[in-house]
Amino acid sequence: MSGFIEAWQQKLYGSLRAFCGRDIADRIMKGYESITSETETEETIRWTARTIRKIEDECSPAMLHGIMTACSCPYPRTNLQKLRKIYLETGDVEVVIRVLQQQLEDSLRKGMLLEDAIVDRIVVLGWGVAGKMDGDRIVITKIPKSSNLREYMNESDPQKKRELYCHCPRVRQAVQLGIELPSAYCLCGAGYYLQIWETILERKVRVEVLESVCSGGELCSFAVHLPDGCVSPVRADLS
646 MSGFIEAWQQ KLYGSLRAFC GRDIADRIMK GYESITSETE TEETIRWTAR
696 TIRKIEDECS PAMLHGIMTA CSCPYPRTNL QKLRKIYLET GDVEVVIRVL
746 QQQLEDSLRK GMLLEDAIVD RIVVLGWGVA GKMDGDRIVI TKIPKSSNLR
796 EYMNESDPQK KRELYCHCPR VRQAVQLGIE LPSAYCLCGA GYYLQIWETI
846 LERKVRVEVL ESVCSGGELC SFAVHLPDGC VSPVRADLS
């Protein structure tokens, strides 16, 4: 996790300052500089769990949502602009979802060279960034970490699958060590989908963690709640 810890902590500290002010950020993150890539893994994970719980205690749910989603990894900006253009031309969220789905399948088949049986299984399960429409929300189940994907799909042991699943190294290690992180930690991952849809729609969206590996789930799934007017009433009623 070389450099990951330090970079993520700087993001979290900056986000806390933006939402809560310097005094609260300093109090919650006191001593965070001592947690580095050289720190024992278990100590780092337990520090993370304590820090997230402090944020939960200090902040409203809305502030917690904003703080944690701002810490996510970035989605490629160039593709976001292409998706935004498609939405402007069509005004249809489902068209964008279909494009995202095709991009995923092309990446799995042509980029990762996965066997058709594995790709077909992933499609049936509905995993990946595109997600599925469910009324006025998009439900997204995260696809397992790409470098572990083939091993994950061939693994039968539920615990081993959980250890292989997450894209976040801290979560994978927490699962291996049997340490449960608060589900609010996964709002960081939810922020990945928030930035996608806020850029495409140029409107505020809310994301919700439905299931999380880091707090005992088998998968990580999220709901992107779309703003009013983004889904036709007929389409919402059919879902």
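Counting in the working numbering, the sequence shown runs from 646 upward without gaps. All C-beta atoms in this analysis are idealised placements derived from N, C-alpha and C, irrespective of residue type, glycine included. Note that the structure is a prediction, hence the values are computed from the model and not measured.
Please classify residue i: does DSSP put it in a helix, a strand, or coil?
| i | result |
| --- | --- |
| A868 | strand |
| E853 | strand |
| L883 | At L883 the pLDDT is 48, less than 50, meaning the model places this residue with poor confidence; the figure from the coordinates comes in the next sentence. It is helical. |
| M778 | strand |
| E687 | helix |
What are the boundary residues of the alpha helix (DSSP H) that residue i is part of?
| i | result |
| --- | --- |
| T786 | No alpha helix (DSSP H) contains T786, which is instead part of the beta strand (DSSP E) from R782 to T786. |
| M798 | L794 to N799 |
| P706 | P706 to T714 |
| L758 | First-last for L758: undefined, no H or E at that position. |
| E750 | V738 to D751 |
| W653 | F649 to C665 |
| A835 | L832 to L846 |
| E734 | R722 to T735 |
| Y677 | Y677 -> no alpha helix (DSSP H), and no H or E assigned at all. |
| L826 | Run containing L826: none; DSSP gives neither H nor E here. |
Whose CA, out of the options, lies closest to the CA of residue i?
| i | options | result |
| --- | --- | --- |
| S682 | S705, Q655, D802 and I650 | I650 |
| I742 | M757, V869 and H812 | V869 |
| M778 | S792, L745, E750 and M798 | L745 |
| A842 | R722, Q818, K656 and Q804 | This sequence places Trp at residue 842; Ala is not what is there. Residue R722 is the option with its Cα nearest to W842. |
| E678 | H812, Q654 and I783 | Q654 |
| C865 | P789, D802 and D668 | P789 |
| L871 | G780, E703 and D765 | G780 |
| H812 | S801, E796 and S791 | S791 |
| C716 | R817, Y658, K805 and K787 | Y658 |
| R782 | G666, G874, M674 and Q818 | G874 |
| A819 | M757, T693, V740 and M674 | T693 |
| Q840 | Y720, Y797, L759 and A775 | Y720 |
| L749 | S860, V738, G773 and V784 | G773 |
| E847 | E701, S801 and G736 | G736 |
| V858 | V850, E808 and D802 | E808 |
| Y732 | Q747, R754, I845 and S660 | I845 |
| T714 | T786, Q747 and S660 | S660 |
| C718 | E796, K656 and R698 | K656 |
| Y838 | E800, V740 and F867 | F867 |
Rounded to the nearest angstrom, how far is the Cβ of residue i from that of residue j, given a contact under 8 Å?
| i | j | result |
| --- | --- | --- |
| E856 | G862 | 4 Å |
| R662 | A652 | Wrong, their Cβ atoms sit about 16 Å apart, outside the cutoff. |
| I673 | I690 | So it is not a contact: roughly 17 Å between Cβ atoms. |
| F806 | Y797 | Going by the sequence as given, residue 806 is Lys instead of Phe. Confirmed, about 6 Å. |
### Query
Do the segment 829-844 and the segment 707-722 meet, that is, are 3 or more Cβ pairs less than 8 Å apart?
yes
### Task
Kindly confirm or deny that the segment 674-692 and the segment 728-743 touch, where touching means at least three C-beta pairs closer than 8 Å.
no
#### Entry: Segment contact flag, the segment 816-824 with the segment 761-772, C-beta cutoff 8 Å, min 3 pairs
no
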